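What follows is a single structure, written as structure tokens, with notes after it.
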Amino acid sequence: MAIVPSHNETSRVQLRTLVLIRWVAIVGQMATLLVVFYGLRFDLPLFATMITVLASATVNLVAQFVGGSRRVSEKGAAGYLAFDIGQLTILLYLTGGLGNPFAFLLLAPVAISATVLSLRSTIILSAIALISITVLSMYHLPLPGQGILPRLPTIYVLGVWTALAIGILFFASYTWRVAQAARALSDGLFATQQALAREQRLSDMGAIAAAAAHELGSPLGTIAVISRELSRDLPEDSPIAEDVALLLTETNRCREILAALAHNPEGDGAPFSAVPMSAVVEMATIRHQTDRISLSFKSTSIDEDDNGAEPVIRYIPEIIHGIGSLAQNAIQFANSEVELLTTWSKNIVNVSIIDDGPGFPPFVLDRIGEPYISLRISKDEHMGLGIFIAQTLLARTGAELSFLNKREGGAVVKIQWRREMLESVEGKFDG
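Residues 4 to 434 (the numbering used here) are what the sequence shown spells out, left to right.
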């Protein structure tokens, strides 16, 4: 199961968060203007700057009371941050352009976008910020206190522009990459939880079946008794004799089915039944078999001092899903054959999944297991969540995974447990 929320249609930020950030900016801008004008007694266009700040406050009030705490759309959040860049650009134009030490605040909307919005929106906002600092480097009113402070040389302004441009590009790219990795991890964990929840629901259905078998046993027994009495009392030539006999037969059949459910509500693969490790591997893999690929299963002891006893474990959903997902991946990439080798000793248990396909691409070999690390050329075919989920599930049982390529071609996935730990695992999810 791979549930991948879209980052292109809906942003992950609530409007309330953006409103709060803007209120902090508005208070800071207002305080700075008042301190500069009344405290430092620098000459600045106080009326124009206050109007600019009040315009931002008005828009923020409207957003706060109209939008509430809902999540804002991707376009809405991008427009909100673009307004912040525009408002700050006007303030900087009125107060000295890039000579204003607060010019670095233009980085803030870009950083916020890189954290919560898509790459496309971040690129657009970065371009707007770059255009803004370029305009401010050429057109702006004098810096407040210009009569007291020396005039800034052109080379210094150029240096500030360069620093801000590099900062915008760096913050946009680096922050977006970090945030994207966090989003991918979050989506992968969500998909893992969904898979475990599904298995838990199946387990709960088994418990419900057992309860139903117990509750239905008494009514069915009553029906069977009445059916037998009717069958004895009816003459053989009665037109309903056959119907009564059929009712009795079907009632007995229902009782047999319910008795089987009560004895083993979850079928042959009940979570608490003991199963040899090689059988677990086969059960996890066989459901993914295709006509194109042949599967071979081998199992053996690798410890000469061992008595050869194969480890017997409980039927654990994490192991079934984990091995099954890795085997499915091998089947998808294999040319003709996938081999599953189960080996054990006194201390360890190994499961190796070997295919004769092209192997893992060298440039992703060290990163396999991360969500969205694709093993395919086309991004639409495979997003790497399968291996990520498998690794997460198996790690819950104490397994260690390694991925490598065979020298003659093909991929190998090795799963290793400490035998004592594996034989004591009972499944760790709670749904």
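The beta carbon of each residue, even a glycine, is placed where N, CA and C say it ideally should be.
In this text, all values refer to a predicted model and were calculated from it rather than measured experimentally.
Problem - Through-space distance from Ile136 to Ala168, alpha-carbon basis - result: 8 Å
Problem - Within 9 Å, strictly: CB atoms of Asn332 and Arg421 - result: no
Exercise for the section: List the residues that DSSP assigns as beta-bridge partners of Asn353. Expected result: Thr346 and Gln419
Practice task
Quick one: give me the first and last residue of the alpha helix (DSSP H) that Glu285 is part of.
Solution key: Met280 to Ile289
Exercise for the section: Kindly indicate if chain B contains any beta-carbon less than 9 Å away from that of Met141. Expected result: Absent from the structure is chain B; it holds one protein chain and no more.
Problem - Within 9 Å, strictly: CB atoms of Val435 and Ile323 - result: Look at the range of the chain in this structure, 4 to 434, and you will see that residue 435 is not part of it.
Exercise for the section: Confirm, please, whether the CB-CB distance from Leu404 to Ile392 is below 9 Å. Expected result: no
Handout entry: Distance, Leu219 Cα to Val315 Cα
Key = 35 Å
Exercise for the section: Pull up the distance between the alpha-carbon of Met424 and that of Arg295, whole angstroms please. Expected result: 36 Å
Problem - Exposure label - Asp87; buried when at least 16 CB within 10 Å - result: buried
Exercise for the section: Please name the residue, chosen from Gln17, Phe40, Pro104 and Asn63, that lies closest to Ile115 on a Cα-to-Cα basis. Expected result: Gln17
Exercise for the section: Return yes when at least one heavy atom of the ligand MN lies under 8 Å from the C-beta of Val56, else no. Expected result: Inclusion of the ligand MN in the displayed structure is not the case, the ligand content being empty and no account of it being possible.
Handout entry: Residue range of the alpha helix (DSSP H) that includes Ile323
Key = Pro320 to Phe336
Problem - CB of Thr92 within 9 Å of CB of Pro147, strictly - result: no
Exercise for the section: Drop a sphere of 10 angstroms on the beta-carbon of Tyr142, count the other beta-carbons inside from all chains shown, and report buried for 16 or more, exposed for fewer. Expected result: exposed
Exercise for the section: Express the C-alpha separation of Leu144 and Arg154 in angstroms, rounding to a whole number. Expected result: 13 Å
Practice task
Below 8 Å CB to CB, which residues in the same chain sit around Leu489 once its five sequence neighbours on both sides are set aside?
Solution key: This structure leaves residue 489 out entirely; the chain is present only between 4 and 434.
Handout entry: Start and end residues, beta strand (DSSP E) containing Ser76
Key = Arg74 to Ser76
Practice task
With a threshold of 16 other CB atoms inside 10 Å of the CB of Ala175, please say whether the residue is buried or exposed.
Solution key: buried
Exercise for the section: May I have the straight-line CA-CA distance separating Phe363 from Ala337, to the nearest angstrom? Expected result: 11 Å
Problem - Contact set for Leu233: own chain, Cβ-Cβ below 7 Å, skip 5 residues either direction - result: Val247
Practice task
Output the distance between the C-alpha atoms of Leu223 and Arg235, rounded to the nearest integer angstrom.
Solution key: 18 Å
Exercise for the section: With a threshold of 16 other CB atoms inside 10 Å of the CB of Phe406, please say whether the residue is buried or exposed. Expected result: buried
Practice task
Would you identify the three-state DSSP class for Arg186, choosing helix, strand or coil?
Solution key: helix
Handout entry: Of the listed residues Asn63, Val69, Ile171 and Pro156, nearest to Val113 (C-alpha basis)
Key = Ile171
Exercise for the section: Along the alpha helix (DSSP H) that carries Arg123, what are the first and last residues, could you check? Expected result: Leu122 to Met141
Practice task
Tell me, please, which residues DSSP counts as bridged to Ala277.
Solution key: Arg317
Handout entry: Cut-off 6 Å between Cβ atoms - residues of its own chain near Glu340, not counting five sequence neighbours on either side
Key = Ser297 and Asp359
Exercise for the section: Assign Ile134 to buried or exposed, taking buried as 16 or more other Cβ atoms, counted over all protein chains shown, within 10 Å of its Cβ. Expected result: exposed
Exercise for the section: Leaving aside the five residues before and after Asp271 along the sequence, list all residues of the same chain whose C-beta is less than 8 Å from its C-beta, in chain order. Expected result: Caution is warranted here: a pLDDT of 47 is assigned to Asp271, below 50, making its placement in the model unreliable, and no coordinate value can be reported.
Practice task
Using 10 angstroms around the beta-carbon of Thr52, count the other beta-carbons present and answer buried if the total reaches 16, otherwise exposed.
Solution key: buried
Exercise for the section: List the whole-angstrom C-beta distance separating Val428 from Ile319, where the pair is believed to meet the contact cut-off of C-beta under 8 Å. Expected result: 6 Å
Practice task
Rounded to whole angstroms, what's the CA-CA distance from Ala117 to Ala184? Just pull it up for me.
Solution key: 12 Å
Exercise for the section: Taking Ala81 as the reference, give the member of Leu43, Leu64, Val56 and Ser121 with the closest Cα. Expected result: Ser121
Handout entry: For Ala303, three-class secondary structure by DSSP
Key = Checking the sequence shown, residue 303 turns out to be Thr, not Ala. It is a strand residue.
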